[in-house]
Amino acid sequence: MAGREVNLLARYPKARRNVKARVGSKAENRAAALRFDREYFDGTREQGYGGYRYDGRWLPIAEDIVAHFGLRPGDRVLDVGCAKGFLVKDLMKVCPGLDVFGLDISRYAVRHCEPEVVGRLHVGNATDLPFPDASFRAVISINTVHNLDRADCIRALAEFERVAPGCGYVQVDAYRNPEERAVFEDWMLTAKTYGMPVDWRAILAEAGYTGDYFWTILEIDPEWTITD
Ligand SMILES: C[S@@+](CC[C@H](N)C(=O)[O-])C[C@H]1O[C@@H](n2cnc3c(N)ncnc32)[C@H](O)[C@@H]1O
């Protein structure tokens, strides 16, 4: 059974990005970002987020996730690549009683999580989830698995399927044409696996992943800054 292409981040705010600012010292920025440590979250914009702070932007997305999966109080949900737990916090806010957990490779992010999610976030690798089979009602992973190489990407997607069979939502970086690819390659710091939607569908199928999915596509604007 194949999953569905559905955009659960439709209400995520648009952000302008200055691609040129990153192109200059890309190698150092990339090396810093790939540690997923302080520089990536709370360093400069050239190294990553440039300050990863809670501002409530995930609340509408949390509402759409709850509605999409028909989540109810008592259901267990896992966010893989949860960073500081913003989405974990907002899912619990929009659906009181929902039992939400997160997992991230970054000890820094988990140590700097939102107070509401202390004890709910685990440090770990998406490729090897420390949870029993079918132990979650849904698994979410936004803009995370493209940070793994292709083999690990497939391992991670198979893990999502194992812990929440047929009930996943995965969003990954993609592009639809050579122009978008060029912009993406200039901007991105940490992605190791990326391609067109057709390439991603092949990876999802190879992993046996049957949940839902969508793409993060950087769009070009005339001033050579971009909006997503
Ligand atoms: C672009 S951020 C996305 C964070 C959050 N999901 C969001 O959309 O704002 C990518 C996240 O994936 C985490 N990450 C990278 N590799 C990972 C891995 N192998 N397993 C788990 N998390 C990983 C990073 O530490 C980071 O928090």
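Residue numbers for the sequence shown, in my numbering: 1 to 228.
Ideal Cβ positions, reconstructed from N, Cα and C, are used throughout, including at glycine.
The beta carbons of V88 and L121 sit about 7 Å from each other, so the pair counts as a contact at 8 Å.
Excluding five sequence positions before and after R162, the CB atoms of its chain that fall closer than 6 Å to its own CB belong to D133, given in chain order. With fewer than 16 other CB atoms across the displayed protein chains lying within 10 angstroms of its CB, A27 is exposed. In this structure, I217 has its beta carbon at no less than 7 Å from each heavy atom of ligand 1. With contacts defined by Cβ atoms closer than 8 Å, A207 and A158 form a contacting pair. Relative to ligand 1, the nearest heavy atom lies less than 7 Å away from the CB of V80. Straight-line measurement puts the Cα of D75 at about 16 Å from the Cα of V117. With a cutoff of 8 Å on beta-carbon distance, V80 and L59 are scored as not near each other.
For the alpha helix (DSSP H) assignment, the uninterrupted runs of no fewer than 4 residues enclosed by the segment 52–109 are, from N- to C-terminal side, 59–69 and 86–94.
Per DSSP, reduced to three states, the secondary structure at H112 is coil, with no helix or strand assignment.
Pairwise C-beta distances place the segment 82–101 out of contact with the segment 164–174, as fewer than three of them are shorter than 8 Å. For ligand 1, no non-hydrogen atom lies closer than 7 Å to the CB of L121. Remark: C-beta atoms of D212 and V6 approach each other more closely than 8 Å. Not one heavy atom of ligand 1 lies closer than 7 Å to the C-beta of N29.
Assignment of Y40 by DSSP, reduced to helix, strand and coil, places it in the helix class.
Taking a 10 Å sphere around the C-beta of G97, we find fewer than 16 other C-beta atoms and assign the residue as exposed. Of all C-beta pairs linking the segment 124–141 to the segment 166–184, three or more are shorter than 8 Å, placing the two stretches in contact. Taking non-hydrogen atoms of ligand 1 into account, the C-beta of S135 is found less than 7 Å away from none of them.
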